[in-house]
Amino acid sequence: MIDKTIATAAAAVADVHDGATILLGGFGTAGLPTELTDALVARGARELTIVNNNAGNGDTGLAALIGAGCVKKIICSFPRQADAWHFEKRYRAGELELELVPQGTLAERIRAAGAGVGAFFTPTAYGTDLAKGKETRRIGERDYVLEMPIHADFALIKAHRADRWGNLTFRMTARNFGPIMATAARCTIAEVDEIVPLGQIDPESVVTPGIFVKRIVRVRHAPQSV
Amino acid sequence: MIDKTIATAAAAVADVHDGATILLGGFGTAGLPTELTDALVARGARELTIVNNNAGNGDTGLAALIGAGCVKKIICSFPRQADAWHFEKRYRAGELELELVPQGTLAERIRAAGAGVGAFFTPTAYGTDLAKGKETRRIGERDYVLEMPIHADFALIKAHRADRWGNLTFRMTARNFGPIMATAARCTIAEVDEIVPLGQIDPESVVTPGIFVKRIVRVRHAPQSV
Amino acid sequence: MKKWDRNQMAARMARDIPEGAYVNLGIGLPTLVADHIPAGREVILHSENGVLGIGPKPPKGEEDYDLINAGKEAVTLLAGGSFFHHADSFGMIRGQHLDFCVLGAFQVAINGDLANWHTGAADAIPAVGGAMDLAVGAKNVIVMMELLTKAGESKLVERCTYPLTGARCVNRVYTDLAVFDLRKDGVYVLDWVEGMPFEELQQLAVVPLKRAAEARTA
Amino acid sequence: MKKWDRNQMAARMARDIPEGAYVNLGIGLPTLVADHIPAGREVILHSENGVLGIGPKPPKGEEDYDLINAGKEAVTLLAGGSFFHHADSFGMIRGQHLDFCVLGAFQVAINGDLANWHTGAADAIPAVGGAMDLAVGAKNVIVMMELLTKAGESKLVERCTYPLTGARCVNRVYTDLAVFDLRKDGVYVLDWVEGMPFEELQQLAVVPLKRAAEARTA
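Protein chains in written order, with our numbering: chain C, 1180 to 1405; chain H, 1180 to 1405; chain L, 458 to 675; chain D, 458 to 675.
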C-alpha cells in the first residue's frame, strides 16, 4: 500500500545533503513550511542554495537557516525587508550570494523545471539591469529575455490537506509557490494540517496530484486559523 | 453588474470573422463545445484556422465546419480517424492545410500564448520529422526544439458550471484543453451545463478564473450524464 | 491652489476604472484606489500572490494570514473570488489579461519608461518583487505618485536616471497635481488641480506638456 | 516453443512495475497491462488527456464519456484519483514524472530509437498524438510489440527505417518471444519463451543479442 506519510519533520528532511538546492514555499507567512524549515536548521546541512520569494525575516525559519550559516546562495525576488537582518549581514559581508529574479520569472522558471521546458523567452525585465548579459530576442512585436529552469533536489512546502497518495489541497493564498515547487524537485516534502483518507479529496479539487509529492508530514501545531 | 451570460450560442459567436483563428476545446466527445460549434457552422465565417486535438469525425461538429468549407487550416495532433472523411477529402484535395503538432507541444504552445511566454524549448520531437526546419539547442544534457505560442482570436470551450463572472469548473476529463485555451484567445466563449449564483463555486476549486472568460452560454440539451 | 491629497488621487484614479475591469493595485498609495471604486461598480481586484476578487479589509481580530495581498496585509475574498498558484497568477499578468495595474514610481519618462524598483544606490539591497512583470504585463500600466520629489524636482522626466523597471510601459500617471496621459506624440494633461494655471504646471513638470482635447480648462 | 499471447505479454510486463509507480499505458496492447497488475500492488495509471488514478472499465451501461482515457474508452476513477488540464498533464510527462510509459511500435533500434507514429507512406494521413511527448518524457520508455512483422522481419533493428518518434528513448522491449533490455553496450535478453533455444531467438531478432546476467537459462 502506498503511504507517503512520514512521522516527523526531522525524518522527512534527514537526507538533505550539503550543497543541495531547495525550493522553499511561502509568501509572507502564508504557505511557509515552518516545521520542515525548523527541521532543516536542526539537520544542519551546509552550502545550501535556497529558492524562496524572500530572504527570510526575523530570527526564525529561513532567517534562522541563514543565521546558522547553512546557506550559500539565495534565489529570490524580494530580499529587502525591515527585519531581514540575517540575510543583510551575510550579504553585505559577501558570505551569501544573491540571484535576484523578478517574481513572475521566478515562478515560471520553477514551473519550467517541473514541466520539462528547457528554457523560455519572457518579456519581463527586458531592457532592465536584471536582463544584463542575458540572451534576448524580438518575437512578433515584443522583446523577450531567455530564462532557464530552476531544478531542485528538494522542495519543502506547506499544504492544507493530503491523502496517503500525496494529493494536496492548499488554503487560500497559502497556495502561492507550493504547487509549482512540488513539480520541480526530485523530492518534494509537504507539511500539512490534515491527512485524510484516500478518496476524501474531491478529484476535481486536487491542486497538486500525488505524483509530484514524495513525503507528507502532519504538522504538530494547530493551523493558524481554520 | 458584471454578467457574462449570453442568451444563445448564435449570439455568442456572432462576431467570429472570416480568417479568425479559433481554439476549439475537447478530446473525444469530452469537452467538445457542440452547441457553439453548431452555431459557428451556421455563422458561416470562412478561411478559419482551427486548433483542436483532432480534425473532426463523422458529420457533426468540427467535421461539419470542414464539410461546409469554412476551414482553411487545422492545427492538431491527431487528424487520423476512421470516420474523419471530411478532413481527409479536403486534405487530400489540397484544400486544407494541416499543421501537425505533438499533443503536449500543442498544449504548451497554447499555454505559452496565454501566459505571455514568447517561445520555449521543448524536448518533444527533437530528432524527428516534426522538428525539421526548427531551431534546436542543447541545454544541459537534453536536446530541445524551439516552439512558438499559438494565439487565437476566439476560444470555444465546454465547461460544467459557471457564474456570472465567468468562473468555470469542468467535468472529469472534459477539462482537457479548456482551461489553457481559455487563456490564449482574445475572446473566450464557454458553453456550460449550469450557471450558478456568484459565490456558489468554491474559490479553491475554480479551475478557470473569470478573467479568462468573456461570454458564457448555457447549453440547451441535457449534459450526457451528471 | 490646493494639491490633491492621497485619497483624492486614489478617487481620481478609481473614477477611470470601468465596470468589469481586472485590476492589480500595488503596495502603498495604489492600494487606496480600492476604497474609492464608485458604489455599485464591480471591479475585480487581483493580487499577484494568487487571488482574484479581493474584498475589503477584515474587521480587526478576524484577520487570517493565509488570505493576504501582495503587501502581506490580511484581506477578504468576495463571492466570485478564486485562488491560484504563482505561475498561473503571473501568467495572467504576463499574458496581458489584467486591464490595469497601478504602481508607485521613482520616475516615469515621457516615453513610458518606468523606474520604481531600485534607486541605484550602490549599497542598497536590491528587491524587485512583481514590479517588472506587472510593468510588461498589464494592458494599462498606471502610475500614482507625487509629481515632485521633496527637493521639488519633477518625477516625470525626459529620461529616467534610476534603473528601469520596464521600458515604454506606462500609459498614464496620476499625481497630486495633474493626470498625465503618455502618448506617442507627447505628454497630454487630462486634468489638473483647480486654481493652478496650466503654465505653472508646465513649469513644475519641466517636460513639455500638451492639453488633451478632453481636458477641462483651468 | 509457444509464443506468449497478448495477455501473457501484458502479465510479463506488469510483473516489472513496482508498487507506487506512475504509469501511462498506450492504446491497444499496452492497455492490457492494467488487467495484470498483481493483486494488492498499488500502481497509479495516468492518461495524457488529464487523469491520474484510472480504475477498471465501467460496467456496461454505466459509461460516462466525460471520463475517458487517451484511447477515448470510458474508464473509472479510483479513490485518490485527480483531474487536470492538458498542459499540466503533458508537464507531468515532459517533466519526467512518470515512471513508465508503455507504447506500441513499428520498429525499435538497438540504440533506443523509436518509430511508432508514421509508416512513412507518402499518402498516409500523419497523426502523432502524445507519442513524441511520452517518448522523451517517461523515466522508462517501454515498448510492447510482436517481435516479427507478418513477413517475418524483426522489428528490433539496427536502425529505424520508419520516421522516428523519439531518439534513444526506449529502455526495454516486451515481445511475444522475449524481453529485451536496451543498454549502452548492447541488447540484453532478460527472458524468452520456454522451449526456444537462445540461438533461435538470435536468428529471428537478427540484431546481436547478449544474455543478461539475471536472465533465466532456457
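Cβ atoms here follow ideal geometry from the backbone N, Cα and C, with glycine treated the same way.
Supposed contact pair residue j and residue i - C-beta distance, whole angstroms, cut 8 Å
i: Lys596/D; j: Asp638/D; result: Not quite, the Cβ-Cβ distance comes to about 15 Å (not below 8 Å), so this is no contact.
i: Ser1256/H; j: Asn1232/H; result: 6 Å
i: Met1327/H; j: Glu499/L; result: Not a contact, Cβ separation roughly 36 Å.
i: Ile1374/H; j: Lys1393/H; result: Not really, about 15 Å apart at Cβ, beyond 8 Å.
i: Thr1187/H; j: Arg1343/H; result: So it is not a contact: roughly 17 Å between Cβ atoms.
i: Met653/D; j: Met458/D; result: 4 Å
i: Thr1387/C; j: Ala1363/C; result: That pair is no contact at about 12 Å.
i: Pro1258/C; j: Ala544/L; result: With a Cβ gap of about 21 Å, Pro1258/C and Ala544/L do not count as contacting.
i: Met669/D; j: Tyr645/D; result: The amino acid occupying residue 669/D in the given sequence is Ala; Met does not appear at that position. Confirmed, about 4 Å.
i: Val559/D; j: Leu613/D; result: So it is not a contact: roughly 16 Å between Cβ atoms.
i: Val1385/H; j: Thr1348/H; result: 7 Å
Check: residue i C-beta below 8 Å from any heavy atom of the ligand GDP
i: Gly1357/H; result: Ligands displayed in this structure: none; no statement on the ligand GDP is therefore possible.
Candidates the options, of which the one nearest residue i by Cα
i: Gln1260/C; options: Gly548/L, Ile582/L, His543/L, Phe547/L; result: Ile582/L
i: Asp1430/C; options: Leu1277/C, Ile1229/C, Ala1263/C; result: Here chain C has residues from 1180 to 1405 only, and residue 1430/C is not among them.
i: Ser504/L; options: Ala588/L, Arg463/L, Gly623/L, Glu615/L; result: Ala588/L
i: Leu621/L; options: Ala478/L, Val490/L, Val532/L, Asp590/L; result: Asp590/L
i: Ala467/L; options: Val600/L, Cys617/L, Ala608/L; result: Val600/L
i: Thr488/D; options: Lys667/D, Ser539/D, Gly528/D, Gly586/D; result: Gly528/D
i: Phe540/L; options: Arg1394/H, Val1392/H, Asp1381/H; result: Asp1381/H
i: Pro1358/C; options: Arg1290/C, Asp1372/C, Gly1378/C; result: Arg1290/C
i: Gly1389/C; options: Val1398/C, Arg1340/C, Ala1186/C, Ala1188/C; result: Arg1340/C
i: Glu530/L; options: Leu1285/C, Glu1278/C, Phe1206/C; result: Phe1206/C
i: Glu1276/H; options: Ala1234/H, Val1296/H, Leu1309/H, Lys1311/H; result: Ala1234/H
i: Ala1224/C; options: Leu1279/C, Pro1212/C, His1196/C, Pro1302/C; result: His1196/C
i: Gly586/D; options: Leu1244/H, Gln1282/H, Ala1286/H, Asp1332/H; result: Gln1282/H
i: Gly552/L; options: Ala1272/H, Ala1286/H, Gly1295/H, His1265/H; result: Gly1295/H
i: Arg1288/H; options: Arg1288/C, Ala1292/C, Phe1299/C; result: Phe1299/C
i: Ile550/L; options: Gly1293/H, Pro1258/H, Val1385/H; result: Gly1293/H
i: Ile1201/H; options: Leu1241/H, Ala1189/H, Ala1209/H; result: Leu1241/H
i: Asn481/D; options: Asn526/D, Gly643/D, Ala496/D, Arg668/D; result: Asn526/D
Cα-Cα separation, residue i to residue j
i: Ala672/L; j: Gly569/L; result: 20 Å
i: Asp648/L; j: Ala471/L; result: 14 Å
i: Ala608/D; j: Leu634/D; result: 16 Å
i: Leu1325/C; j: Pro475/D; result: 39 Å
i: Phe706/L; j: His1330/H; result: Residue 706/L lies beyond the range of chain L shown here (458 to 675); nothing can be said about it.
i: Val508/L; j: Gln465/L; result: 27 Å
i: Gly577/D; j: Asp1308/H; result: 10 Å
i: Ala1319/C; j: His554/L; result: Looking at the sequence provided, one finds Gly at residue 1319/C rather than Ala. Roughly 18 Å between the two C-alpha positions.
i: Thr1352/C; j: Thr533/L; result: 11 Å
i: Leu502/L; j: Gly510/L; result: 5 Å
i: Lys460/D; j: Ile494/D; result: 21 Å
i: Ile1254/H; j: Tyr1270/H; result: 13 Å
i: Asn1355/C; j: Ala579/L; result: 32 Å
i: Gly1312/H; j: Cys1366/H; result: 32 Å
i: Arg616/D; j: Val593/D; result: 18 Å
i: Asp1182/C; j: Ile1395/C; result: 9 Å
i: Val627/D; j: Leu571/D; result: 7 Å
i: Pro515/L; j: Ala536/L; result: 14 Å
i: Arg1317/H; j: Thr1301/H; result: 11 Å
i: Ala1243/H; j: Val1230/H; result: 15 Å
i: Val1192/H; j: Thr1208/H; result: 21 Å
i: Gln562/L; j: Ala1221/C; result: Per the sequence shown, the amino acid found at residue 562/L is Ala instead of Gln. Each residue's alpha carbon lies about 42 Å from the other.
Beta-carbon neighbours of residue i, restricted to chain E and to distances below 8 Å
i: Leu1285/H; result: This model lacks chain E altogether, as its protein chains are C, H, L and D.
Enumerate, from N- to C-terminal direction, the unbroken alpha helix (DSSP H) stretches of 4 or more residues contained entirely within the segment 561-609 of chain D. 588-594
Taking any Cβ of chain H, which residues in the segment 508-521 of chain L have a Cβ under 9 Å from it, in chain order? Val508, Leu509, Gly510
Quick one: complete alpha helix (DSSP H) runs, 4+ long, within the segment 1317-1363 of chain H? 1357-1363
Can you list, in chain order, the residues of the segment 609-627 of chain D whose Cβ is nearer than 9 Å to any Cβ on chain H? Pro620, Leu621, Thr622, Gly623, Ala624, Arg625
Quick one: which residues of the segment 1312-1345 of chain C get their C-beta closer than 7 Å to a C-beta of chain D? List them in chain order. Asp1342, Trp1344
With a floor of 4 residues, list each alpha helix (DSSP H) that falls wholly inside the segment 1185-1243 of chain C, ordered by position along the chain. Whole alpha helix (DSSP H) segments, 4+ residues: 1188-1191, 1213-1222.
Short-range partners of chain H found in the segment 1343-1362 of chain C, where Cβ spacing is below 7 Å: Thr1348
Threshold first: 3 residues or longer. Then list the beta strand (DSSP E) segments lying entirely within the segment 1269-1310 of chain H, N to C. 1276-1279, 1298-1301
Tell me which residues of the segment 540-559 of chain D have at least one Cβ-Cβ distance to chain C shorter than 7 Å, keeping chain order. Phe540, Phe541, Gly548, Met549, Arg551, Gly552, Gln553, His554
Near-chain C residues of the segment 1295-1306 of chain H - C-beta to any C-beta below 7 Å: Gly1295, Val1296, Gly1297, Ala1298, Phe1299, Phe1300, Thr1301, Pro1302
Near-chain D residues of the segment 1367-1380 of chain C (beta-carbon distance less than 9 Å), N- to C-terminal order: Pro1376, Leu1377, Gly1378, Gln1379, Ile1380
Selection of the segment 1381-1400 of chain H by Cβ proximity to chain L, strictly under 8 Å: Pro1382, Glu1383, Val1385, Pro1388, Gly1389, Ile1390, Phe1391
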